[in-house]
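Here is the structure we will look at.
There are 4 protein chains.
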Amino acid sequence: MAIVMQQGALTEFLAREFAQVANDFSVTRVEEDLLEVRLNVADRHLRPGGTVSGPSMFALADVAVYLAILSRLGPVALAVTTNCSIDFMRKPAAGRALVAQARLLKLGRVLAVGDVLIYSEGTAAPVARAGLTYSIPPETKGGA
Amino acid sequence: MAIVMQQGALTEFLAREFAQVANDFSVTRVEEDLLEVRLNVADRHLRPGGTVSGPSMFALADVAVYLAILSRLGPVALAVTTNCSIDFMRKPAAGRALVAQARLLKLGRVLAVGDVLIYSEGTAAPVARAGLTYSIPPETKGGA
Amino acid sequence: MAIVMQQGALTEFLAREFAQVANDFSVTRVEEDLLEVRLNVADRHLRPGGTVSGPSMFALADVAVYLAILSRLGPVALAVTTNCSIDFMRKPAAGRALVAQARLLKLGRVLAVGDVLIYSEGTAAPVARAGLTYSIPPETKGGA
Amino acid sequence: MAIVMQQGALTEFLAREFAQVANDFSVTRVEEDLLEVRLNVADRHLRPGGTVSGPSMFALADVAVYLAILSRLGPVALAVTTNCSIDFMRKPAAGRALVAQARLLKLGRVLAVGDVLIYSEGTAAPVARAGLTYSIPPETKGGA
Numbered sequence: 007m008a009i010v011m012q013q014g015a016l017t018e019f020l021a022r023e024f025a026q027v028a029n030d031f032s033v034t035r036v037e038e039d040l041l042e043v044r045l046n047v048a049d050r051h052l053r054p055g056g057t058v059s060g061p062s063m064f065a066l067a068d069v070a071v072y073l074a075i076l077s078r079l080g081p082v083a084l085a086v087t088t089n090c091s092i093d094f095m096r097k098p099a100a101g102r103a104l105v106a107q108a109r110l111l112k113l114g115r116v117l118a119v120g121d122v123l124i125y126s127e128g129t130a131a132p133v134a135r136a137g138l139t140y141s142i143p144p145e146t147k148g149g150a
Numbered sequence: 007m008a009i010v011m012q013q014g015a016l017t018e019f020l021a022r023e024f025a026q027v028a029n030d031f032s033v034t035r036v037e038e039d040l041l042e043v044r045l046n047v048a049d050r051h052l053r054p055g056g057t058v059s060g061p062s063m064f065a066l067a068d069v070a071v072y073l074a075i076l077s078r079l080g081p082v083a084l085a086v087t088t089n090c091s092i093d094f095m096r097k098p099a100a101g102r103a104l105v106a107q108a109r110l111l112k113l114g115r116v117l118a119v120g121d122v123l124i125y126s127e128g129t130a131a132p133v134a135r136a137g138l139t140y141s142i143p144p145e146t147k148g149g150a
Numbered sequence: 007m008a009i010v011m012q013q014g015a016l017t018e019f020l021a022r023e024f025a026q027v028a029n030d031f032s033v034t035r036v037e038e039d040l041l042e043v044r045l046n047v048a049d050r051h052l053r054p055g056g057t058v059s060g061p062s063m064f065a066l067a068d069v070a071v072y073l074a075i076l077s078r079l080g081p082v083a084l085a086v087t088t089n090c091s092i093d094f095m096r097k098p099a100a101g102r103a104l105v106a107q108a109r110l111l112k113l114g115r116v117l118a119v120g121d122v123l124i125y126s127e128g129t130a131a132p133v134a135r136a137g138l139t140y141s142i143p144p145e146t147k148g149g150a
Numbered sequence: 007m008a009i010v011m012q013q014g015a016l017t018e019f020l021a022r023e024f025a026q027v028a029n030d031f032s033v034t035r036v037e038e039d040l041l042e043v044r045l046n047v048a049d050r051h052l053r054p055g056g057t058v059s060g061p062s063m064f065a066l067a068d069v070a071v072y073l074a075i076l077s078r079l080g081p082v083a084l085a086v087t088t089n090c091s092i093d094f095m096r097k098p099a100a101g102r103a104l105v106a107q108a109r110l111l112k113l114g115r116v117l118a119v120g121d122v123l124i125y126s127e128g129t130a131a132p133v134a135r136a137g138l139t140y141s142i143p144p145e146t147k148g149g150a
């Protein structure tokens, strides 16, 4: 399925629709097989010890797959997260951004499924992985 | 396994160790079979439309099971979330607190497992459910 | 939502539609809040050491929530499992049946969500827990 | 981490330790980044309509990651599945084998995490994906 929203359009969409969190995230790659989002780590994302919190990693995984869906369906998409299974595997490196690489595995009539690997920027071993499912409401089919 | 930290001790622990988020949560019940935590919903937890965000519900589920473990192991526990599978089932009611009811299903030597139901306060149908696993580092066994 | 298929009707449905596995399972309770299914453990369910295999526990969890959905929607339901997250928490007791207790948490227009605890018969601590999601095809709405 | 058991050794291990199911599976590739296992579909794996059953796909995902761990730890490994989250995304093609491609994402001191994509042989879109966690008992460290 073709990409109908590129990096710039996704960034604008985030800023317009999710103003509260838009500055947390940068869309860094939008490709057929991969959408990459960066978490610009700030104090509010940290736990004692300087580690990025679980909820911040969850938010990053969620936004990455959400944007991957949006990149195919266009700006009217109102996909709703219905399930996320996330594994926290390693402690993120202190003082580094996190990068999520999301792949869309299914974009069906009512459900979309994607998975994500999250890395500390510049590090080879992933800190987390997640699989997410989204429900796509009927009115968004056929896109904008 | 006996409860070694009650409501007051857990609240103090949150305030001391997780100052950034401690005001988000109130520990409302600590029982053998159930630990209840309330998310005091504020603007920063909301998405457009006034719905509590997924990451905020994830954070609530996570803290509820974490505190359930702590209530048995005592204040030295440094359990680390290793997995969470969460289902978002209904849109939370606007303008209401969320309440998480957590049960500990296993508290083993190296792993603890709990599950959680999240409700809009005063509502019978759960908005989310989650199962979480925590790794318990060796040094915390036998706890303070 | 009212129960429209009771224990006998569910058992007949299993025998008719899932003849290959119907003898593995006995529906033992059908209540508003709880559907209970027993795995009649045979050699084909065991791993070396006499432990019930993971896939057999998965099958038990799956059939229990599936039947809970069926008990509300009637015999034409063709719900399809879309996600299962299962935690294996303890080794099942050798030489005992397994019992799954399933609750339906959501029965929506397109998705149903249930969770399950699995016990070795006569034992208090659960051996596994699972959360499952089913997609309900449009043609089954309004039931038989 | 180096591969210490290749295709032949893994196949022998399955035949010796899991005789009941060994014929169901063929280890087809063992590489640094990928272990591939084929489910030799037989009647016992099918549901009405000729579709491979959910429990058979679960079993395939489980064995694939298990063998990926074994390929690094050697034949004494007694890893135990503690969690699996599996998404069933498409109906498997009738009359075809299923192929699971597993990657090991973490092989830690106490936990290993892998993920799997399952395909109908010769088909590009995956029918299922799964993430699995295994607990590694202390006695197996340093392996045979």
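Just so you know, the protein sequences line up as chains A, B, C and D, in that order. When we follow our numbering, the leftmost residue of the first sequence carries the number 7, and every step to the right adds one. When we follow our numbering, the leftmost residue of the second sequence carries the number 7, and every step to the right adds one. When we follow our numbering, the leftmost residue of the third sequence carries the number 7, and every step to the right adds one. When we follow our numbering, the leftmost residue of the fourth sequence carries the number 7, and every step to the right adds one. Think of the CB as a built atom: it goes at the ideal place given N, C-alpha and C, for glycine as much as any other residue.
Inspect the beta-carbon positions of residue i and residue j and report whether they are closer than 7 Å.
i, j, result
"I92(C)", "A106(C)", "no"
"A118(B)", "I142(B)", "yes"
"L16(B)", "L73(B)", "yes"
"F94(D)", "T88(C)", "yes"
"A136(A)", "C90(A)", "yes"
"V122(C)", "R96(C)", "no"
So what does residue i bridge to, in DSSP terms?
i, result
"G80(B)", "None; G80(B) has no bridge partner."
"R135(A)", "D93(A) and L123(A)"
"S141(D)", "V86(D) and L117(D)"
"R109(D)", "D121(D)"
"E58(B)", "The sequence given here places Val at residue 58(B); Glu does not occur at that position. For V58(B), which the question treats as bridged, DSSP gives the partners L52(B)."
"L66(B)", "For L66(B), which the question treats as bridged, DSSP gives no partner whatsoever."
"L104(D)", "L45(D) and S126(D)"
To the nearest angstrom, report how far apart residue i and residue j are at their CA atoms.
i, j, result
"P144(B)", "A100(C)", "29 Å"
"E127(B)", "N46(B)", "11 Å"
"L138(A)", "P98(C)", "30 Å"
"K147(A)", "R115(A)", "Only weak support is given to the placement of K147(A): the predicted model assigns it a pLDDT of 49, under 50, and the question is left unresolved by the model."
"A25(B)", "Y140(B)", "21 Å"
"D30(D)", "G56(D)", "17 Å"
"A150(B)", "P54(C)", "Summary for A150(B): the model assigns pLDDT 33, below 50, so the residue's position carries little reliability, and this model does not support an answer."
"E37(D)", "D68(D)", "18 Å"
"V86(B)", "T34(B)", "23 Å"
"G120(B)", "I75(B)", "9 Å"
"S77(C)", "L84(C)", "12 Å"
"P81(B)", "Q12(B)", "11 Å"
"A21(A)", "V27(A)", "8 Å"
"E23(D)", "A131(C)", "28 Å"
"L52(B)", "A70(B)", "20 Å"
"V10(D)", "S32(A)", "41 Å"
"T129(D)", "R50(B)", "45 Å"
"A8(A)", "A8(B)", "57 Å"
"L113(C)", "L113(A)", "23 Å"
"G14(D)", "G14(B)", "59 Å"
Starting from residue i, follow the beta strand (DSSP E) in both directions and report where the run begins and ends.
i, result
"L52(C)", "It is not in any beta strand (DSSP E) - L52(C) carries neither H nor E in the DSSP assignment."
"L41(A)", "L41 to L45"
May I ask which residues mark the beginning and end of the alpha helix (DSSP H) holding residue i?
i, result
"F31(B)", "Per DSSP, F31(B) belongs to no alpha helix (DSSP H); it is in the beta strand (DSSP E), F31 to V36."
"F19(D)", "Q13 to E23"
Practice task
Could you say if the segment 54 to 66 of chain D and the segment 63 to 71 of chain C meet the contact criterion of at least three C-beta pairs nearer than 8 Å?
Solution key: When Cβ pairs closer than 8 Å are counted between the two stretches, the segment 54 to 66 of chain D is seen to touch the segment 63 to 71 of chain C, the count reaching three or more.
Exercise for the section: Evaluate contact between the segment 31 to 51 of chain D and the segment 103 to 118 of chain D, counting only Cβ atoms and requiring at least three cross-stretch pairs below 8 Å. Expected result: In short, these stretches touch, since the Cβ pair count reaches three.
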